[in-house]
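Per the numbering used here, the sequence shown starts with residue 98, numbered consecutively. Glycine residues also receive a C-beta, built at the ideal position from the N, C-alpha and C atoms. Down below is the structure, laid out as structure tokens.
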Amino acid sequence: MQHLEYSTEKKSQTSIHFSFDDSHVSEIIATKNTAIISSRNLVDAYPSIFKSKKLIIIDDTETHKNLATIEKIIAELLDLGIDRNSYIIGIGGGIVCDITGFVSHIYMRGVRFGLVPTTLLAMTDAAIGGKNGVNFNENKNFIGSFDNPDFIIADSKFLHTLPENQYMSGLGEIIKYALIGNTNILNTLKTNQKNILDRNSETIKKLVSESVLTKVKIVEEDPNDKTIRHILNFGHTIGHSIELLENIPHGLAVVKGMNAATDISVKLGILATDKAQQIKQLLTSFGYDISYCLGDKHNRLLCNDKKKEDFNIRFVLLEDIGKPIIRKMPIQQIVELTK
Ligand SMILES: NC(=O)c1ccc[n+]([C@@H]2O[C@H](COP(=O)([O-])OP(=O)(O)OC[C@H]3O[C@@H](n4cnc5c(N)ncnc54)[C@H](O)[C@@H]3O)[C@@H](O)[C@H]2O)c1
């Protein structure tokens with residue numbers, strides 16, 4: 098035989114729901130051998146959800162988002178009798194979701210899983226799109242998998258117990274969707290600021306569903322992160338390095354990264370100064386600290402960026418509000434342009 102071809106492309110479908118109470122989670126837990134992965138904060142805030150369940154509690158901090166935690170979970174899954182016919186459900190923020198997806202992908206070569214994101218950021222971003230994983234030393238989300246959950250339940254009722262900085266972190270990602278092209282979100286941000294800051298249920302629901310739609314549309318077009326999906330990285334290349342070095346929530350670092358990318362867009366003559374001013378005004382009107390100062394350590398982290406090709410990175414710039422473009426840029430030039 099000289100030549101053989103075969104295809105293993107897994108066609109998976111994820112259903113997204115917006116209400117936990119109307120969802121089929123309790124049915125899955127009742128009928129399947131299900132393990133829940135969550136964190137102390139969630140168990141304390143919503144004890145009834147976790148009562149009498151096979152529960153694995155993890156430390157959902159960035160420093161514990163690592164392979165050691167994955168190993169511990171695997172040992173607990175084994176102890177709980179979880180097998181290939183079982184189900185794993187992650188209930189928590191982006192860290193719990195990223196870890197649940199990864200561990201479900203590798204445990205016994207794959208177990209079905211579902212996600213119940215409970216932060217604004219996880220509902221609108223982290224839980225959607227099938228990217229899972231953990232950090233490796235200083236490198237964020239460096240080890241992981243692409244695997245979509247069977248279901249996602251993005252219920253905004255969980256947001257009432259979310260600490261303020263985490264809420265603002267999620268809002269940062271929502272602003273990103275506006276800046277890369279969702280005009281409905283942009284209009285809501287401009288006209289409903291008080292409701293957004295007051296966590297008005299209807300306004301949040303609208304922002305969550307619009308954000309989910311935006312991400313789903315982009316991810317469907319580019320499931321393997323090869324082309325258009327890069328625009329979701331607006332603010333993230335620099336943001337990731339700030340997040341790690343300043344130890345601030347993801348979305349707050351992304352806001353600083355978006356401001357830096359906006360400045361770079363102006364310096365390259367791609368974005369008009371008045372548009373950049375409008376962006377900065379939008380960010381500061383929500384009370385964000387948009388300052389940034391990059392040094393050698395950020396430079397080193399950018400050199401380890403997963404999206405790096407030799408000494409270049411595909412960097413997301415703006416031509417206009419709502420019009421992102423991707424440009425391959427030398428890492429050194431990116432850092433220089435932030436000065
Ligand atoms: N996979 C992806 O595509 C993707 C996208 C964006 C971000 N991420 C990852 O997501 C992570 C950040 O996630 P995050 O912003 O959701 O934060 P998080 O998971 O770090 O959670 C933040 C804190 O909020 C607590 N919390 C969660 N829900 C709560 C609730 N309803 N009430 C009270 N407290 C609650 C958690 O216990 C934690 O202390 C990062 O590790 C980032 O890399 C992944």
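query = Who are the near neighbours of R411 in its chain, counting only those whose CB is closer than 7 Å to its CB and skipping five residues on each side?
reply = H327, K404, I423 and K425
Member of I125, G207, G189 and S308 whose CA lies at the smallest distance from the CA of L174 = G207
message = So, for N292: in the same chain, excluding its five sequence neighbours on each side, which residues have a beta-carbon less than 7 Å away from its beta-carbon?
response = T300
query = Which whole-angstrom value describes the C-beta separation of A251 and F147, a residue pair presumed to lie in contact below a C-beta threshold of 8 Å?
reply = Not quite, the Cβ-Cβ distance comes to about 19 Å (not below 8 Å), so this is no contact.
Proximity to D244 [Cα-Cα], best of G230, K420 and N182 = G230
Paired residues, beta bridge with N236 - DSSP = F233
ask   = Between which two residues does the alpha helix (DSSP H) harbouring E261 extend?
value = E261 to L276
ask   = Going by beta carbon distance, what residues of the same chain come within less than 6 Å of S253, once the five residues before and after it are set aside?
value = I301, K302 and V305
ask   = Within the chosen definition, does the region 308-315 reach the region 342-352 through at least 3 CB pairs nearer than 8 Å?
value = no
query = Alpha carbon to alpha carbon, what distance is there between F210 and T197?
reply = 8 Å
ask   = Quick one: is the Cβ of A223 within less than 8 Å of any heavy atom of ligand 1?
value = yes
query = Would you report the Cα separation of L218 and D319, rounded to the nearest angstrom?
reply = 21 Å
request  = Examine the Cβ distances between the region 126-143 and the region 184-191 and report whether three or more of them are shorter than 8 Å.
outcome  = yes
query = Distance, Cα to Cα, I82 vs I387?
reply = Past the edges of the chain, shown from 98 to 436, lies residue 82, and the structure says nothing about it.
key: Residue from V432, G269, I153 and A224 with nearest C-alpha to L391   = V432
ask   = From K287 to A369, what does the alpha carbon distance come to, in whole angstroms?
value = 20 Å
message = Between the alpha carbons of Q374 and N232, how many angstroms are there, rounded?
response = 35 Å
query = In this structure, does DSSP put R209 in helix, strand or coil?
reply = strand
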